[in-house]
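Engineer:
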Amino acid sequence: MTLYRGYLKMQKKFNKKDNKMRDIFDAIQKSAKRIRKAIDIKDIGYSQQENSSGETQLELDIKCDMIIEEEFSKVSSINTIASEEKEHEEVLHVEGKYYIAYDPLDGSSLVDVNLSVGSIFGIYEGAFGAEKMVAACYVVYGPRTEMVFSENKTKLYLLQADEFEFVKEIQLTEKGKLNAPGGTQQNWEPYHKELVDSFFAEGYRLRYSGGMVPDLHQILLKGGGLFSYPATSDKPAGKLRRLFEVFPFAFVYKTSGGEAINGTSDLLTLGFAHIHDTSPCFFGSKYEINRVKEVYAKNA
Ligand code: FDP
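Just add 80 to the spot in the sequence shown (first one is 1) and you have the numbering used here.
#1: Name the two residues that bound the continuous alpha helix (DSSP H) containing residue 334.
#2: Under a Cβ-count criterion, where at least 16 other Cβ atoms within 10 Å of its own Cβ denotes burial, should residue 161 be classed as buried or exposed?
#3: Within 10 angstroms of its Cβ, does residue 240 collect 16 or more other Cβ (buried), or is it exposed?
#4: Quick one: grab the DSSP three-state call for residue 251.
#5: Given 8 Å as the limit, is there contact between the segment 223 to 235 and the segment 267 to 281, that is, 3 or more CB pairs closer than that?
#6: Just to check, is the beta-carbon of residue 357 closer than 8 Å to a non-hydrogen atom of ligand 1?
#7: Is residue 281 helix, strand or coil when you go by DSSP?
#8: Can residue 175 and residue 159 be called in contact, C-beta distance under 9 Å?
#9: Given the structure, does residue 145 come close to ligand 1, in the sense that its CB is under 8 Å from one of the ligand's heavy atoms?
#10: Inspect the beta-carbon positions of residue 315 and residue 344 and report whether they are closer than 9 Å.
#11: Per DSSP, what kind of secondary structure is residue 360 in: helix, strand or coil?
#12: Is the beta carbon of residue 367 within less than 8 Å of some heavy atom of ligand 1?
#13: Tell me whether residue 369 sits in a helix, a strand or coil according to DSSP, three-state version.
#14: Does the beta carbon of residue 325 fall short of 8 Å from some heavy atom of ligand 1?
#15: Taking the C-alpha atoms as reference points, what is the distance between residue 190 and residue 219?
#16: Can you tell me whether residue 335 is buried or exposed? The criterion is at least 16 other CB atoms within 10 Å of its CB, across all chains shown.
#17: Considering residue 185, what are the terminal residues of the alpha helix (DSSP H) in which it resides?
#18: Could you tell me whether the segment 356 to 371 touches the segment 240 to 257, where touching means 3 or more Cβ pairs closer than 8 Å?
#19: So who's on the other strand from residue 202, going by DSSP bridges?
#20: Taking residue 361 as the reference, which of 263, 245, 213 and 106 has the closest Cα?
#21: For residue 313 and residue 269, what's the separation of their Cα atoms in angstroms?
#22: Output the distance between the C-alpha atoms of residue 110 and residue 151, rounded to the nearest integer angstrom.
#23: State yes or no: is the C-beta of residue 330 within less than 9 Å of the C-beta of residue 340?
#24: Quick check: what's the CA-CA separation for residue 351 versus residue 299?
#25: Comparing C-alpha positions only, which one of 171, 167, 369 and 188 sits nearest to residue 279?
Okay, structure coming up:
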């Protein structure tokens, strides 16, 4: 009897945890539907403001940020949020245990030319930090709206008739065929260029739109390959932000059977000093990441 009660208590605790994550999952879905509608509105004009990375914010960036903040404010388990569009973190509910860092509309400059864009979310327990990450999620706004949510598995959802429907689990293969090399080539290290070229010489095809979300989504769904954004002479610490872009995708790729490194170390072992810190990053299947490790161990 005592054992049974213990079991029930454990079940209750487990369901409670599920419900809290479920609330976050629902809030992301609601935000995504509203963002999809905001993207579809004609005028996306530039605002007078710059974000922390010195980029001029689109009114659309600000609107998407506001939508997410509004939806997250209703979820009591969310303690603190940090947005790529804001300088500082913001406490929502002191009792909450989750910390969420998000990029409301990654690649927003691509809306003008009608390419896909996305929202990225990293969900942490107790504090921000790669080792505290418990789930990650991103939404792709393309011809269709899709959501990928990674906790202990990576799952794909498709927005249909205003509801996100589960499509399938995502698993990367050991070796892919796509190569997505980021950064200004002129500023690459010679060994990085050799690395990128070695994949093309092996028959890999170039796939790079300049939107991190659709580029990584494509590699994930087409089975595998390599996305790289290295350290360059003009950006020695890389361009992509640890909390808002790098850690969430590292979590998604690792959960899906792939790997994510900064050249030599697992991205999810890295710390951060400021919420807007960046890192060189490589995401891919095991085969490609092993090649990166070999090259970078010798040169970096
Ligand atoms: P963007 O500057 O358009 O916001 O987040 C930064 C990002 O886009 C990523 O989405 C994208 O992968 C990367 O920058 C592209 O940078 P490069 O143009 O330097 O390759």
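Where a beta carbon is used, it is the ideal one built from N, C-alpha and C, also for glycine.
Structural biologist: Reading from the atomic positions:
#1: Its alpha helix (DSSP H) spans residues 327 to 335.
#2: Buried, because 16 or more other Cβ atoms sit within 10 Å of the Cβ of residue 161.
#3: Exposed is the call here.
#4: Residue 251 falls in the coil class under three-state DSSP.
#5: Contact between the segment 223 to 235 and the segment 267 to 281 is absent, with fewer than three C-beta pairs closer than 8 Å.
#6: Not one heavy atom of ligand 1 sits closer than 8 Å to the Cβ of residue 357.
#7: Of the three classes helix, strand and coil, the one that applies to residue 281 here is helix, per DSSP.
#8: Yes, the Cβ-Cβ distance between residue 175 and residue 159 is below 9 Å.
#9: For residue 145, the CB stays at least 8 Å from every heavy atom of ligand 1.
#10: No; because the gap between Cβ atoms is not below 9 Å, this pair is not in contact.
#11: If DSSP states are grouped into helix, strand and coil, residue 360 belongs with coil.
#12: Distances between the C-beta of residue 367 and the heavy atoms of ligand 1 are all 8 Å or more.
#13: Helix, per DSSP.
#14: The answer is yes for residue 325.
#15: In a straight line, the C-alpha of residue 190 is about 15 Å away from that of residue 219.
#16: Its Cβ being crowded by 16 or more others within 10 Å, residue 335 is buried.
#17: For residue 185, there is no enclosing alpha helix (DSSP H); the enclosing beta strand (DSSP E) has its first and last residue at 178 to 186.
#18: Contact holds: three or more Cβ-Cβ distances are below 8 Å.
#19: According to DSSP, residue 202 bridges with 181 and 216.
#20: When each option's Cα is compared against that of residue 361, the closest is 263.
#21: About 8 Å.
#22: Note on geometry: alpha-carbon atoms of residue 110 and residue 151 lie some 7 Å from one another.
#23: Yes. Within cutoff.
#24: So the two alpha carbons sit approximately 26 Å from each other.
#25: Nearest C-alpha to residue 279 among 171, 167, 369 and 188: 369.
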